[in-house]
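Engineer: Quick one: the structure is below, and I'll ask about it shortly.
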Amino acid sequence: MMKKIKSEYVVHIIILVVLIVIPLTLQLESMSLSMRYMRHFWVMVFGLLVAFYGNYLFALDRLFYSKKYLWFILFNVCIFLLNDSIETVSSILYDAYFPRPRRERSAVMQTMNVYYRLIYTGMGIGAAFAAYYSKRFIIAEREREELANEKLKSEIAMLKYQMQPHFFFNTLNNIYALIGKSPQDAQKAVHSLSKMMRYVLYENMDEEMDLDKEIDFVRNYNKLMLLRIGDSMKVTLALPPDVEGIRVPPLLLIPLVENAYKHGKGFINGNLSIDNGRLVFRVENGLPDANDEDRVNSGIGIQNLVKRLEIIYDDKASFHAGPTDHGTFVAQIEIPVSNNK
0 MMKKIKSEYV VHIIILVVLI VIPLTLQLES MSLSMRYMRH FWVMVFGLLV
50 AFYGNYLFAL DRLFYSKKYL WFILFNVCIF LLNDSIETVS SILYDAYFPR
100 PRRERSAVMQ TMNVYYRLIY TGMGIGAAFA AYYSKRFIIA EREREELANE
150 KLKSEIAMLK YQMQPHFFFN TLNNIYALIG KSPQDAQKAV HSLSKMMRYV
200 LYENMDEEMD LDKEIDFVRN YNKLMLLRIG DSMKVTLALP PDVEGIRVPP
250 LLLIPLVENA YKHGKGFING NLSIDNGRLV FRVENGLPDA NDEDRVNSGI
300 GIQNLVKRLE IIYDDKASFH AGPTDHGTFV AQIEIPVSNN K
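Just so it is clear: in the sequence shown, position 301 is 300 by numbering that gives the first Met the number 0, and no numbers are missing.
Right, dumping it as structure tokens:
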């Protein structure tokens, strides 16, 4: 915010300098331009600035938008009278330092001078309205964008926290199934779950996490699931070891793996690749039973994943899930990434 305020000051200073320098530049280009015309120009600029800043910094906020319209009119009448006085005083001082044969001004000339001062005073007031409305519009747009960003952040956080109890509920069910089957494996599963809980509850508070931590999380989940299913499913996860410097939204990969374990039959093949600034995570598994196939994309994890991709990446990310021609089911996400190494 301070940078934006400073930039506004810089713009005002530049405009002031330009207005002051213009008559000097004209004087250099045309020696016939007299000091009398320069005085008129500077008096006009000064009067215009008095009208502009008087309204921009005070009258519009305190009077006009506070619906004190009579005071607003009186304030600008005072500005006009001030500008008229400045014109009169400057003319007297100029004549004192640069005497010239005195000529009586006609009534028409005096009226024209009044119109002249009315015009540049009105220009200052109009410019103040234009600048004020522009500033209000920019501030309103900035606040709207900030509000929209906060709303998106809140929605992402809500989706992430919705997924956490869903994930732990499924994982605890797996451990419960292990207790009767193999208490020793159940102990290992609890140990793996504690590591995963630490990551989910404490380590993924940022909007993005290191990809290697996400990969470790998927590996720990895979170990936990293998304790339960044993050799009933062949699982292959091709996860690259060197992903230093790459960051992704937390808990972005696990829904695909969890969905494959929940609905897949026979095998799971997971592959993560990064090429040309795009991360592709593809999980393929055997097709589920016919009565279970319609529920493959209906879980909270997948729904939240799709929603988070839309919010975070808009149309820069893609998600696809469905059966293939060779009798398998594939789920794939593709997102843009950058390497900050």
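Backbone N, C-alpha and C define an ideal beta-carbon position, used for all residues, glycine too.
Lys233 bridges to which residues according to DSSP?
Structural biologist: Looking at the DSSP assignment, Lys233 forms a beta bridge with Phe266.
Engineer: Starting from His319, follow the alpha helix (DSSP H) in both directions and report where the run begins and ends.
Structural biologist: Element bounds for His319: not the alpha helix (DSSP H) but the beta strand (DSSP E), 317-322.
Engineer: What's the gap between the Cα of Leu255 and the Cα of Ala330?
Structural biologist: Leu255 and Ala330: Cα-Cα distance of roughly 7 Å.
Engineer: Would you mind listing the alpha helix (DSSP H) stretches within the region 35-108 that are 4+ residues and don't spill past its ends, in chain order?
Structural biologist: 68-96
Engineer: Taking three-plus beta-carbon pairs below 8 Å as touching, is the region 237-253 in contact with the region 297-314?
Structural biologist: yes
Engineer: DSSP three-state label for Glu207, please.
Structural biologist: coil
Engineer: At a cut of 8 Å, does the region 256-268 reach the region 216-234 through at least three beta carbon pairs?
Structural biologist: yes
Engineer: Would a C-beta distance cut-off of 8 Å place Met122 and Leu47 closer than the cut-off?
Structural biologist: yes
Engineer: Flag this pair as yes or no: are the beta carbons of Leu278 and Val305 separated by less than 8 Å?
Structural biologist: no
Engineer: Return the bridge partner residues of Ala330 from the DSSP annotation.
Structural biologist: Partner(s): Val282, Ala320.
Engineer: Helix, strand or coil: which one does DSSP assign to Asn342?
Structural biologist: Coverage of the chain is limited to positions 0 through 340, which leaves residue 342 absent and any answer about it impossible.
Engineer: Quick check: what's the CA-CA separation for Leu308 versus Ala58?
Structural biologist: 48 Å
Engineer: Below 6 Å CB to CB, which residues in the same chain sit around Val242 once its five sequence neighbours on both sides are set aside?
Structural biologist: Same-chain partners within the cutoff: Leu210, Asp211.
Engineer: Taking the alpha carbon of Leu80 as the point to measure from, which residue in Ala316, Leu56, Tyr115 has its own alpha carbon closest?
Structural biologist: Tyr115
Engineer: Roughly how many angstroms lie between the CA atoms of Ile85 and Leu92, to the nearest whole one?
Structural biologist: 10 Å
Engineer: If you run the structure through DSSP and keep just helix, strand and coil, what is Leu250?
Structural biologist: Correct three-state label for Leu250: coil.
Engineer: Identify which residue in Arg197, Phe168, Glu206, Met224 has its Cα closest to the Cα of Asp184.
Structural biologist: Met224
Engineer: Return the first residue and the last residue of the alpha helix (DSSP H) that Ser193 is part of.
Structural biologist: 182-197
Engineer: For my contact list, Ile78 and Thr120 are in at a C-beta cut-off of 8 Å; report their separation, rounded to the angstrom.
Structural biologist: 6 Å
Engineer: Around the C-beta of Thr344, are 16 or more other C-beta atoms found within 10 angstroms, so that it is buried, or is it exposed?
Structural biologist: For the chain, the structure presents residues 0 to 340; residue 344 sits outside this window and is missing.
Engineer: Output yes or no for whether 8 Å exceeds the beta carbon distance between Met195 and Pro249.
Structural biologist: no
Engineer: For Ile310, which of Thr327, Glu206, Gly276 has the nearest alpha-carbon?
Structural biologist: Glu206
Engineer: Assign Leu171 to one of three DSSP states: helix, strand, or coil.
Structural biologist: helix
Engineer: Please classify Glu257 as buried or exposed, where buried requires at least 16 neighbouring CB atoms within 10 angstroms.
Structural biologist: buried
Engineer: Can you name, in chain order, every residue of its own chain whose Cβ lies under 6 Å from the Cβ of Ala259, other than the five neighbours on each side?
Structural biologist: Ile267, Val282, Asn284
Engineer: To the nearest angstrom, report how far apart Ile273 and Val189 are at their CA atoms.
Structural biologist: 32 Å
Engineer: Using DSSP with H/G/I as helix, E/B as strand and the rest coil, what is Leu238?
Structural biologist: coil
Engineer: Shortest alpha-carbon distance to Asn275 belongs to which of Asp314, Pro335, His325, Gly269?
Structural biologist: Among Asp314, Pro335, His325, Gly269, the Cα nearest to that of Asn275 is on Pro335.
Engineer: Would Leu286 and Phe318 qualify as a contact pair, given that the criterion is a beta-carbon distance under 8 Å?
Structural biologist: No, these two residues do not count as a Cβ contact at 8 Å.
Engineer: Rounded to whole angstroms, what is the Cα-Cα separation between Lys315 and Ser337?
Structural biologist: Rounded to the nearest angstrom, the two C-alpha atoms are 13 Å apart.
Engineer: Which word fits Asn172, buried or exposed, when buried means at least 16 other C-beta atoms lie within 10 angstroms of its C-beta?
Structural biologist: Result: exposed.
Engineer: How would you call Thr87, buried or exposed, if buried means at least 16 neighbouring beta carbons within 10 angstroms?
Structural biologist: With fewer than 16 Cβ atoms within 10 Å of its Cβ, Thr87 is classed as exposed.
Engineer: Measuring CB to CB, does Ala237 end up less than 8 Å from Leu192?
Structural biologist: Against a cut-off of 8 Å, the Cβ pair of Leu192 and Ala237 comes out as no contact.
Engineer: With DSSP as the reference, please indicate the residues paired to Ile273 in a beta bridge.
Structural biologist: Leu278
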